[in-house]
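S.K.: Sharing a structure below in structure tokens format, with a few things to ask.
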Amino acid sequence: MRIAHLELRWVKLPLVTPFRTSFGTAHDRDTFLLRLVTDEGFEGWAECAAEPEPLYSEEFLAGAEMVLRDHLVPRLLALGDALSATRVPTALAPVKGHPMAKHVLETAVLDAELRAADMSFGRYLGAVVDRVPAGVSVGIMDTIDELVSHVSDYLAQGYRRIKLKIEPGWDLEPVRVVREKFGDDLLLQVDANTAYTLADAQHLARLDPFDLLLIEQPLAEDDLRGHAALAEVLRTPVCLDESITSARDAATAIALGACSVINVKPARVGGYLEARRIHDVAVANGVPVWCGGMLETGIGRAPNVALAALPGFVMPGDTSASDRYFTTDLTPPFVLDDGHLAVPTGPGLGVEVLTDVVEEMTTATHTIPLT
Ligand code: SMG
Ligand code: MG
């Protein structure tokens, strides 16, 4: 297989509700899609998970485009006819970092390859179920009343688990109110996106009585030792997101006692092949994992839902229905059925890319030179 055409589609989709985290507020899903065509005419699509600004992690969209064009794509082209998804990580390894840029490229190659082989992502990755329970990530709100109303709506829709975004000043009270209002059976967890320091350990311990499933990434991404120390103080299990960018990181974090749960986000770790390795490391260590999200459109959501169907994904993920994010998605919408999303079964991503909607949402198209 060889790349015959490669283009970046910059798209902008308004979010149905702004999404506020400890590092900023998103009003739109602003990203680019990669569309690859092979010499045999198979298409591969993928969605970049980076954001316009380097606030979630050090990657950002314009940087991802540059590293793709100038450093990653030339290394893939050097493979010539020998291109296949399993060769991508080694070909790109000389370029340090940039997992989200690597992820979008590897995913487009894998999609094209699987379409050619008439195999779905789920089948390829090792999915063992045909539907996955859906959780929903609820942003920081202006008022507790607003939060309660959103959580109540999501539960009425059937979501199986609620994740509250927290930050200093928006933590104990929202958690207390949601727990009291919706009861002890609600699966509830929080995500701080690195907003605390180890000096907050006693404060965070006050979340313990609310029986949270986990607290996600309370401390800085490079603070594994701090997370290990915090885990000694908290009864709430510590889950890592930003800190884990590879299977080696996962093994290290587990060995240090820095986490007892892992949020697996394929984009954060360079792609689905590494994401599956993290799953395998976690399963071997008895550590539960769940699938994270980056407000993806259907194009990025489809393979995430497939990954979430692997056996170690024992907790509901941030894999929500299309209408939690957008009025119109770039694929036929992912819909909740009894609180679950169906794992796509068609070849590759397994869902149709609605090219007319993509066209409508496109703000720029950049063809990547192949010479
Ligand atoms: O895709 O539903 C989603 C968003 C899930 O909370 C979510 N993602 O740290 O886990 C996380 C955040 C990062 C994305 S913020 C744009
Ligand atoms: Mg997170």
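According to the numbering used here, the sequence shown is numbered sequentially starting from 1. For glycine and all other residues, C-beta sits at the position ideal for the given N, C-alpha and C.
Between Pro89 and Gly300, how many whole angstroms is the CB-CB distance? I'm expecting something under 8 angstroms.
M.R.: That belief does not hold up - the Cβ atoms of Pro89 and Gly300 are roughly 19 angstroms apart, past 8 angstroms.
S.K.: Are the region 103-110 and the region 264-284 in contact at 8 angstroms, needing three or more beta carbon pairs?
M.R.: Touching, per the Cβ criterion.
S.K.: How about Ala156: is its Cβ closer than 7 angstroms to a heavy atom in ligand 1?
M.R.: Result no, Cβ not under 7 angstroms from ligand 1.
S.K.: So for Asn193, helix, strand or coil by DSSP?
M.R.: If DSSP states are grouped into helix, strand and coil, Asn193 belongs with coil.
S.K.: Below 8 angstroms, how does it come out for the region 22-37 and the region 191-208: are there three or more Cβ pairs, yes or no?
M.R.: Yes, they touch.
S.K.: If we call anything under 8 angstroms between Cβ atoms a contact, is Gly413 one with Val343?
M.R.: Outside the shown range of the chain, which is 1 to 371, sits residue 413, and nothing can be said about it.
S.K.: Specify the secondary structure class of Leu114 as computed by DSSP and reduced to three states.
M.R.: In the structure shown, Leu114 sits in a helix (DSSP, three-state: H, G or I).
S.K.: Would you please state the rounded distance, in angstroms, between the beta carbons of Val11 and Thr363? I believe it to be under 8 angstroms.
M.R.: With 8 angstroms as the limit, Val11 and Thr363 qualify as a contact, their Cβ atoms being about 7 angstroms apart.
S.K.: Is the closest heavy atom of ligand 2 to the C-beta of Gly24 under 7 angstroms?
M.R.: Not so, every heavy atom of ligand 2 lies at least 7 angstroms from the Cβ.
S.K.: Tell me, please, whether the region 75-93 touches the region 218-238 by the rule of three or more beta-carbon pairs shorter than 8 angstroms.
M.R.: No: fewer than three Cβ pairs fall under 8 angstroms.
S.K.: Between Leu33 and Trp45, what straight-line distance do the alpha-carbon atoms span, to the nearest angstrom?
M.R.: Taking the straight line joining both Cα atoms gives about 7 angstroms.
S.K.: Kindly provide the chain-ordered list of residues whose Cβ lies closer than 7 angstroms to any non-hydrogen atom of ligand 2.
M.R.: Here the list is Asp191, Asn193, Glu216, Gln217, Asp241, Glu242, Asn263 and Gly292.
S.K.: In chain order, what residues of the same chain lie with their CB nearer than 7 angstroms to the CB of Val357, ignoring the 5 residues before and after it?
M.R.: Contacts found: Thr328 and Leu330.
S.K.: Do Asp191 and Lys163 have their C-beta atoms within less than 8 angstroms of each other?
M.R.: Contact flag set, yes.
S.K.: May I ask you to report which of helix, strand or coil DSSP gives Thr21?
M.R.: Three-state DSSP puts Thr21 in a strand.
S.K.: Any heavy atom of ligand 1 closer than 7 angstroms to the Cβ of Met294?
M.R.: At least one heavy atom of ligand 1 is nearer than 7 angstroms to the Cβ of Met294, so yes.
S.K.: Under 8 angstroms, do Glu43 and Arg160 count as touching if we go by C-beta distance?
M.R.: Contact flag unset, no.
S.K.: Report the residue ranges of all beta strand (DSSP E) runs contained in full by the region 280-361; include only those spanning at least 3 residues, in chain order.
M.R.: Fully enclosed beta strand (DSSP E) runs of 3 or longer: 289-291 and 340-342.
S.K.: Counting only runs of 3+ residues fully inside the region 18-78, write out the beta strand (DSSP E) ranges in chain order.
M.R.: Entirely contained in the region 18-78, the beta strand (DSSP E) runs reaching 3 residues are, in chain order, 24-38 and 43-47.
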